[in-house]
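Chemist: Take a look at this one; I'll ask things after.
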Amino acid sequence: MSPSAQIPDINTVSGPILIAGLGNPGAQYELTRHNVGYMALDELCERTSPTVTLSPNKRTNALVGRGTLNGTPVILMKSRTYMNDSGRAIAATAQFFSVPATNIIVLHDDLDLEENTLRLKRGGGEGGHNGLKSMTQHLGTKDYLRVRIGIGRPPGRMNPADYVLKQFSARECEDLGVTIQEAADAVELLLQEGLASTQNRVHSRH
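Numbering-wise, our numbering puts 52 at position 7 of the sequence shown, and it's gapless, one number per residue.
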(Lines of atoms letter the chains of each structure in order from A and count residues from 1; the text may use other names and numbers.)
(Lines give C-alpha, C1' and ligand atoms only; values in the text may rest on other atoms or scores of the structure.)
Protein backbone atom coordinates (compact mmCIF):
# COMPACT_ATOMS: atom_id res chain seq x y z
CA MET A 1 0.00 0.00 0.00
CA SER A 2 1.37 3.42 -0.91
CA PRO A 3 1.81 6.04 1.83
CA SER A 4 -0.89 8.25 0.27
CA ALA A 5 -3.35 5.34 0.39
CA GLN A 6 -3.08 5.43 4.20
CA ILE A 7 -3.98 9.12 4.45
CA PRO A 8 -7.52 9.85 5.68
CA ASP A 9 -9.71 11.36 2.97
CA ILE A 10 -10.06 15.12 3.16
CA ASN A 11 -13.81 14.95 3.89
CA THR A 12 -13.25 12.81 7.00
CA VAL A 13 -10.56 14.72 8.87
CA SER A 14 -11.03 16.91 11.92
CA GLY A 15 -9.58 20.38 12.25
CA PRO A 16 -9.41 23.14 9.66
CA ILE A 17 -8.42 22.62 6.03
CA LEU A 18 -5.79 24.98 4.62
CA ILE A 19 -6.60 26.09 1.06
CA ALA A 20 -3.81 27.90 -0.77
CA GLY A 21 -3.92 29.65 -4.13
CA LEU A 22 -0.62 29.91 -5.97
CA GLY A 23 0.39 33.03 -7.88
CA ASN A 24 2.54 36.13 -7.87
CA PRO A 25 1.64 39.22 -5.79
CA GLY A 26 1.28 42.59 -7.51
CA ALA A 27 -1.23 44.24 -9.84
CA GLN A 28 0.90 43.52 -12.90
CA TYR A 29 0.37 39.78 -12.42
CA GLU A 30 -3.35 39.76 -11.65
CA LEU A 31 -4.62 38.45 -15.00
CA THR A 32 -1.64 36.27 -15.92
CA ARG A 33 -1.83 32.53 -16.46
CA HIS A 34 0.40 31.83 -13.48
CA ASN A 35 -2.22 33.45 -11.21
CA VAL A 36 -5.24 31.25 -11.85
CA GLY A 37 -4.71 29.76 -8.39
CA TYR A 38 -5.13 33.21 -6.86
CA MET A 39 -8.28 33.73 -8.95
CA ALA A 40 -9.83 30.48 -7.76
CA LEU A 41 -8.99 31.35 -4.16
CA ASP A 42 -10.72 34.72 -4.56
CA GLU A 43 -13.83 32.86 -5.71
CA LEU A 44 -13.70 30.63 -2.63
CA CYS A 45 -13.39 33.68 -0.38
CA GLU A 46 -16.77 34.81 -1.74
CA ARG A 47 -18.34 31.45 -0.91
CA THR A 48 -17.29 31.15 2.71
CA SER A 49 -19.51 31.95 5.66
CA PRO A 50 -18.88 34.65 6.62
CA THR A 51 -17.29 35.99 3.44
CA VAL A 52 -13.52 35.92 3.96
CA THR A 53 -11.41 39.03 3.57
CA LEU A 54 -7.74 38.10 3.40
CA SER A 55 -5.44 40.13 5.63
CA PRO A 56 -1.67 40.12 6.14
CA ASN A 57 -0.20 37.71 8.66
CA LYS A 58 3.30 38.96 9.40
CA ARG A 59 4.40 35.72 11.03
CA THR A 60 3.69 33.68 7.90
CA ASN A 61 4.28 36.24 5.12
CA ALA A 62 0.86 35.46 3.70
CA LEU A 63 -2.61 36.91 3.24
CA VAL A 64 -4.90 34.78 5.40
CA GLY A 65 -8.57 34.51 6.27
CA ARG A 66 -10.74 32.03 8.21
CA GLY A 67 -14.31 30.90 7.66
CA THR A 68 -16.38 27.84 6.80
CA LEU A 69 -17.32 26.23 3.50
CA ASN A 70 -20.56 24.29 3.83
CA GLY A 71 -19.83 23.78 7.51
CA THR A 72 -16.16 22.80 7.11
CA PRO A 73 -13.71 25.14 8.87
CA VAL A 74 -11.18 26.46 6.37
CA ILE A 75 -8.16 28.73 6.31
CA LEU A 76 -7.73 30.50 2.97
CA MET A 77 -4.37 31.96 2.00
CA LYS A 78 -2.21 33.53 -0.68
CA SER A 79 1.54 33.73 -0.29
CA ARG A 80 2.98 37.25 -0.27
CA THR A 81 6.19 35.86 -1.76
CA TYR A 82 6.71 35.21 -5.44
CA MET A 83 5.68 31.88 -6.91
CA ASN A 84 9.08 30.21 -6.71
CA ASP A 85 9.22 30.72 -2.92
CA SER A 86 5.54 30.23 -2.13
CA GLY A 87 6.15 27.01 -0.21
CA ARG A 88 7.90 28.93 2.55
CA ALA A 89 4.75 30.94 3.36
CA ILE A 90 2.45 27.95 2.96
CA ALA A 91 4.54 25.83 5.33
CA ALA A 92 4.70 28.69 7.84
CA THR A 93 0.92 29.14 7.68
CA ALA A 94 0.35 25.41 8.12
CA GLN A 95 2.65 25.39 11.15
CA PHE A 96 1.06 28.53 12.63
CA PHE A 97 -2.43 27.00 12.48
CA SER A 98 -1.26 23.42 13.25
CA VAL A 99 -2.51 22.04 9.92
CA PRO A 100 -0.79 18.86 8.67
CA ALA A 101 0.38 18.85 5.06
CA THR A 102 -2.20 16.18 4.21
CA ASN A 103 -4.95 18.70 5.11
CA ILE A 104 -3.74 21.24 2.54
CA ILE A 105 -5.44 21.86 -0.81
CA VAL A 106 -3.49 23.92 -3.34
CA LEU A 107 -4.95 25.54 -6.47
CA HIS A 108 -2.45 26.10 -9.26
CA ASP A 109 -1.91 26.54 -12.99
CA ASP A 110 -0.79 23.57 -15.08
CA LEU A 111 0.99 23.79 -18.44
CA ASP A 112 0.44 20.09 -19.12
CA LEU A 113 -3.35 20.37 -19.18
CA GLU A 114 -5.37 21.91 -21.99
CA GLU A 115 -6.81 25.32 -21.28
CA ASN A 116 -9.80 25.28 -18.93
CA THR A 117 -9.29 21.61 -17.99
CA LEU A 118 -9.34 20.56 -14.33
CA ARG A 119 -7.66 17.61 -12.67
CA LEU A 120 -7.31 16.65 -9.01
CA LYS A 121 -4.74 14.49 -7.29
CA ARG A 122 -2.89 13.91 -4.05
CA GLY A 123 0.88 13.65 -4.14
CA GLY A 124 2.95 12.72 -7.18
CA GLY A 125 5.37 14.82 -9.16
CA GLU A 126 5.36 18.59 -9.48
CA GLY A 127 5.45 18.63 -13.30
CA GLY A 128 8.18 21.25 -13.35
CA HIS A 129 6.00 23.73 -11.43
CA ASN A 130 8.31 25.81 -9.23
CA GLY A 131 5.55 26.73 -6.80
CA LEU A 132 4.84 23.06 -6.15
CA LYS A 133 8.55 22.29 -5.89
CA SER A 134 8.81 24.97 -3.22
CA MET A 135 5.83 23.51 -1.37
CA THR A 136 7.32 20.02 -1.39
CA GLN A 137 10.66 21.36 -0.19
CA HIS A 138 9.25 23.34 2.73
CA LEU A 139 6.51 20.91 3.75
CA GLY A 140 8.83 17.93 3.49
CA THR A 141 6.21 15.86 1.66
CA LYS A 142 4.30 15.66 -1.63
CA ASP A 143 1.13 14.37 0.01
CA TYR A 144 -0.92 17.57 -0.23
CA LEU A 145 -3.97 17.79 -2.49
CA ARG A 146 -3.75 19.65 -5.81
CA VAL A 147 -6.47 21.21 -7.94
CA ARG A 148 -4.74 21.59 -11.31
CA ILE A 149 -6.12 24.30 -13.59
CA GLY A 150 -5.07 23.85 -17.21
CA ILE A 151 -3.54 26.80 -19.07
CA GLY A 152 -2.21 24.86 -22.09
CA ARG A 153 1.21 24.89 -23.68
CA PRO A 154 2.79 28.06 -25.10
CA PRO A 155 2.32 28.63 -28.84
CA GLY A 156 5.19 28.04 -31.22
CA ARG A 157 8.59 28.50 -29.65
CA MET A 158 7.48 30.83 -26.86
CA ASN A 159 9.40 30.27 -23.64
CA PRO A 160 7.10 28.69 -21.01
CA ALA A 161 8.45 31.17 -18.42
CA ASP A 162 7.19 34.03 -20.61
CA TYR A 163 3.92 32.27 -21.39
CA VAL A 164 2.86 31.81 -17.76
CA LEU A 165 3.36 35.55 -17.17
CA LYS A 166 1.28 36.46 -20.23
CA GLN A 167 -2.11 38.02 -19.54
CA PHE A 168 -5.32 36.40 -20.71
CA SER A 169 -7.11 38.08 -23.60
CA ALA A 170 -10.65 39.40 -23.18
CA ARG A 171 -12.00 36.39 -25.09
CA GLU A 172 -9.98 33.96 -22.96
CA CYS A 173 -11.27 35.62 -19.79
CA GLU A 174 -14.84 34.66 -20.72
CA ASP A 175 -14.01 30.94 -20.67
CA LEU A 176 -11.68 31.39 -17.72
CA GLY A 177 -14.48 32.73 -15.55
CA VAL A 178 -16.36 29.44 -15.92
CA THR A 179 -13.22 27.43 -15.16
CA ILE A 180 -12.53 29.41 -11.99
CA GLN A 181 -16.09 28.74 -10.82
CA GLU A 182 -15.63 25.04 -11.54
CA ALA A 183 -12.30 24.94 -9.68
CA ALA A 184 -14.02 26.41 -6.62
CA ASP A 185 -16.84 23.88 -7.06
CA ALA A 186 -14.23 21.11 -7.06
CA VAL A 187 -12.85 22.28 -3.71
CA GLU A 188 -16.32 22.28 -2.20
CA LEU A 189 -16.90 18.77 -3.54
CA LEU A 190 -13.59 17.60 -2.06
CA LEU A 191 -14.67 18.79 1.37
CA GLN A 192 -18.08 17.13 1.05
CA GLU A 193 -17.39 13.89 -0.83
CA GLY A 194 -13.64 13.22 -0.75
CA LEU A 195 -11.06 12.79 -3.49
CA ALA A 196 -12.21 9.74 -5.46
CA SER A 197 -15.80 10.90 -5.84
CA THR A 198 -14.70 14.41 -6.80
CA GLN A 199 -12.22 13.07 -9.35
CA ASN A 200 -14.95 10.96 -10.94
CA ARG A 201 -17.32 13.89 -11.22
CA VAL A 202 -14.84 16.55 -12.31
CA HIS A 203 -12.70 14.45 -14.65
CA SER A 204 -15.76 13.14 -16.49
CA ARG A 205 -16.71 16.72 -17.40
CA HIS A 206 -13.21 17.72 -18.51
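Note that beta-carbon positions come from the ideal geometry of N, C-alpha and C, so glycine has one too.
#1: Examine the Cβ distances between the region 134 to 150 and the region 74 to 88 and report whether three or more of them are shorter than 8 Å.
#2: Whose C-alpha, out of D220, R216 and P199, is nearest the C-alpha of L210?
#3: State the start and end residues of the unbroken beta strand (DSSP E) segment that holds L152.
#4: Rounded to a whole number of angstroms, what is the C-alpha to C-alpha distance between P107 and G173?
#5: Shortest alpha-carbon distance to M122 belongs to which of V247, L165 and I149?
#6: Apart from the five residues just before and just after P61, which ones in its own chain have a Cβ nearer than 7 Å to its Cβ?
#7: Report the residue ranges of all beta strand (DSSP E) runs contained in full by the region 186 to 244; include only those spanning at least 3 residues, in chain order.
#8: Given a threshold of 16 other Cβ atoms within 10 Å of its Cβ, counted over all protein chains shown, does R216 qualify as buried or as exposed?
#9: Identify which residue in G82, Y189, G116 and H79 has its Cα closest to the Cα of R92.
#10: Grab the span of the alpha helix (DSSP H) containing I135 for me, first residue to last.
#11: So what does DSSP say about R92, is it helix, strand or coil?
#12: Could you please give the first and the last residue of the uninterrupted beta strand (DSSP E) stretch that includes L63?
Modeler: Reading it off the structure:
#1: no
#2: P199
#3: I149 to D155
#4: Here residue 107 is Ala; the residue named in the question, Pro, does not match the sequence. Their backbone Cα atoms lie some 23 Å apart in a straight line.
#5: I149
#6: P118, V119, I120, F142 and V144
#7: 190 to 195
#8: exposed
#9: G116
#10: S131 to F141
#11: helix
#12: I62 to G66
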